[in-house]
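Note sheet for the following structure.
Protein chains in written order, with this note's numbering: chain V, -3 to 402; chain R, 1084 to 1162.
Quick look at the structure:
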C-alpha cells in the first residue's frame, strides 16, 4: 500500500515524469493522465474493502447525476435523498468520534481512502452543476469525470477545482509553451514549496509542539496564557507554510503538465477582518462553501423567517457556514470548537463593520478605515483571532484544558 | 418599466446606494457593495421583484448585468 504525499519519492517521480509523458501523448493525453490517476488512487487502497468503498464513492455520483438533475418532483425528491445519503456515508467513513451513533456501528479505519474529504467537494460540484454542464455542452465522459476527481495533483488537499474550469483548462488549445524562463520560474516555485513544507513549516511545527508541552507546566495562569499565545502563533505559521508550500508544489507541478490550478492563497495575514481573511486563505474552500452552503442557507432564511432582516440573516448564515466548514476539517471535538470560533469570528467582524457604517455613514467609514491606529488595531486583532482559533487545529486543546482544570 | 430599470431599482435598494446605474457590461467589480455575500441578497430581492426562482448554479455563472437581465427575462417568460 502506498502512502501518497508530496514528500514521497513516488510523487517526485510523477512530478517530473508525467509532464514529459503528457507532452508526447498527443490525442491520448486524457487516457494517459487517467491511467496515472487511477494507478495512484488504486495503489493507496489498504485492502479489498477499502477499494470497493472508494470505487462506490467515486462512481455512484457520476451515474446518479443524470437521475437527480431534472426539474420534476421525483427528481427533486431523489436529489434530496442522494445528498442526505452522501452526507451520512461521508460522516460514517470519516468516523466523527463525537457523533455517538457511530460508536454502535461496525467500523474499520481501513475504509477511509485517499482524499475522501476533498472528493466530497468535487462530487457535489459535479452533481449540482450537471444540468448546467449538459446544457452548456461541457464534456461529461466518465474519463473526464475521473480525471477531475482523481487528478493526482489535487487529490490530497485541493485546490478545489470546479468541474467546468477543470475540463475547459484540460482541453484548452493554447497551452502555454514552457520556455526556459517559464520553466525556471515554475521550478523555483516548486522548490520554494518544498522548502516551505519541509524546512519552514517543519520548524514551526516542532516549535509549536515544544510550547504546547510547556503550557501545563508554566506554573500560573498568566504564564500559561502567554505560552499558549506563543504556541498558537507557531501553530498558525505551521498551518500556513505547510498549506501554501503544498499548493506551490502542486500548482507548479500541474503547470509543467500544461494545467492551471486555482490559486488558493492571497497573503491572508494582511487581512483586516475575519471575513477578509477567509477571502484570502484557502480561497477555493471559501468559494465552495459560499456557493454550496452559505447561498442555500441565506436564500432559505431570506425567503422564510428572516424576511427583510438582511443583516441578521447574513450573520446566521455565515455562522452556520463556518461551523460546518470547521467540522469538515477534522473528526474530533476540537474541530467543532474551531468551527464555532470561525463562525463567531466572521459574525463579529460583520457586526463591527456594520455598526461603524451605521455610525459614520459609508463615506465616513472609509475615512475611519484610513486611520493608522484603526489599521493597526484591525490587523493585530485579526491575526490574534486567527492564531487563537487555529490553535484547535491539529492539537487536542480540549484535552489540555480538561487536564489543567483537574 | 423594462427589466433593466427594475433591476436597477432593486440594486439601489439592496446596496443602499441611489447613485447606482447599470448597463449590460456592469459587473460586481463596478459596484462597491456588490460582493460574494451581498450577491445572494440581490438574488433573493430580484426573485421577489420578478416573482421567479433561480437555482444556485444559474446565479453562480452570471458574468455581468447583461447576462443577469437575459436570465431574468427567460425566467419571466417561463413563469
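Glycine included, C-beta positions come from ideal geometry on N, C-alpha and C.
Predicted model only: the values in this text are computed from it and were never measured.
Thinking C-beta only, is residue j closer than 8 Å to residue i?
i             : j             : result
residue 311/V : residue 347/V : yes
residue 156/V : residue 114/V : yes
residue 160/V : residue 129/V : yes
residue 231/V : residue 386/V : yes
residue 31/V  : residue 165/V : no
residue 107/V : residue 89/V  : yes
residue 391/V : residue 341/V : no
residue 302/V : residue 279/V : no
residue 51/V  : residue 122/V : no
residue 205/V : residue 26/V  : no
residue 319/V : residue 339/V : yes
residue 134/V : residue 163/V : yes
residue 81/V  : residue 174/V : no
residue 374/V : residue 268/V : yes
residue 236/V : residue 3/V   : no
residue 188/V : residue 244/V : yes
Against residue i, what residues of chain R qualify as contacts under a CB-to-CB distance less than 8 Å, listed in chain order?
i             : result
residue 287/V : 1139 and 1143
residue 204/V : Those within 8 Å of residue 204/V in chain R number zero; the least Cβ separation is about 32 Å.
residue 124/V : 1139 and 1140
residue 213/V : Going along chain R, no residue has its Cβ under 8 Å from residue 213/V, so there is no contact; the nearest lies around 44 Å.
residue 144/V : Ordered by position in chain R, no residue passes the 8 Å Cβ test against residue 144/V, which lies about 16 Å from the chain.
residue 381/V : Within 8 Å Cβ-Cβ: nothing; residue 381/V doesn't reach chain R, min ~19 Å.
Identify, in the order they occur along the chain, each residue of the same chain with its Cβ nearer than 7 Å to the Cβ of residue i, setting aside the five sequence neighbours on each side.
i              : result
residue 284/V  : 117 and 156
residue 352/V  : 361 and 364
residue 74/V   : 63 and 64
residue 324/V  : 113
residue 394/V  : 329, 330 and 333
residue 1147/R : 1107, 1108, 1109 and 1110
residue 234/V  : 197, 200, 201 and 204
residue 263/V  : 276
residue -2/V   : 6, 39 and 40
residue 78/V   : 60 and 64
Nearer than 7 Å: is that true of the beta carbon of residue i relative to any heavy atom of the ligand ADP?
i             : result
residue 291/V : Summarising the ligand content, the structure contains no ligands, and the ligand ADP is consequently not present.
Under the three-state reduction of DSSP, which class applies to residue i: helix, strand or coil?
i              : result
residue 355/V  : helix
residue 325/V  : helix
residue 26/V   : helix
residue 375/V  : helix
residue 290/V  : helix
residue 281/V  : helix
residue 1101/R : coil
residue 62/V   : helix
residue 1128/R : helix
residue 92/V   : coil
residue 1084/R : coil
residue 187/V  : helix
residue 249/V  : helix
residue 164/V  : helix
residue 40/V   : coil
residue 386/V  : helix
residue 394/V  : helix
residue 262/V  : coil
residue 147/V  : coil
residue 254/V  : coil
residue 1162/R : Residue placement at residue 1162/R is poorly supported in this model, since its pLDDT is 47, which falls under 50; the coordinates still yield a value, given next. It is coil, neither helix nor strand.
residue 1090/R : helix
residue 362/V  : helix
residue 3/V    : coil
residue 46/V   : helix
residue 344/V  : helix
residue 207/V  : helix
Counting only Cβ pairs nearer than 7 Å, list the residues of chain R close to residue i.
i             : result
residue 292/V : 1139
residue 299/V : 1127
residue 306/V : 1124
residue 133/V : By Cβ distance, chain R contributes nothing, its closest Cβ being about 14 Å from residue 133/V, past 7 Å.
What does a CB cutoff of less than 8 Å around residue i pick up in its chain, not counting 5 residues either side in sequence?
i              : result
residue 1093/R : 1125, 1128, 1129 and 1132
residue 306/V  : 298
residue 1155/R : 1086, 1090, 1129, 1133 and 1135
residue 383/V  : 225, 228, 229, 231 and 232
residue 0/V    : 6, 7, 36, 39, 40, 110, 148, 151 and 152
residue 308/V  : 302
residue 167/V  : 135
Could you check whether the Cβ of residue i sits closer than 8 Å to any Cβ belonging to chain A?
i             : result
residue 349/V : In summary, chain A is missing from the structure at hand, where the protein chains are V and R.
Under 6 Å Cβ to Cβ from residue i, same chain only, skipping five residues before and after it: list those, please.
i              : result
residue 1151/R : 1145
residue 250/V  : 149 and 257
residue 154/V  : 114 and 280
residue 1162/R : Caution is warranted here: a pLDDT of 47 is assigned to residue 1162/R, below 50, making its placement in the model unreliable, and the coordinate value is therefore given only provisionally. Answer for residue 1162/R: 1135, listed in chain order.
List, in chain order, every chain V residue whose beta-carbon is nearer than 9 Å to that of residue i.
i              : result
residue 1104/R : Going along chain V, no residue has its Cβ under 9 Å from residue 1104/R, so there is no contact; the nearest lies around 17 Å.
If the cut is a Cβ gap below 7 Å, which residues of chain V does residue i touch?
i              : result
residue 1120/R : 310
Which residues of chain R have a Cβ atom closer than 9 Å to the Cβ of residue i, listed in chain order?
i             : result
residue 354/V : Here the premise fails: no neighbours, minimum Cβ distance about 11 Å.
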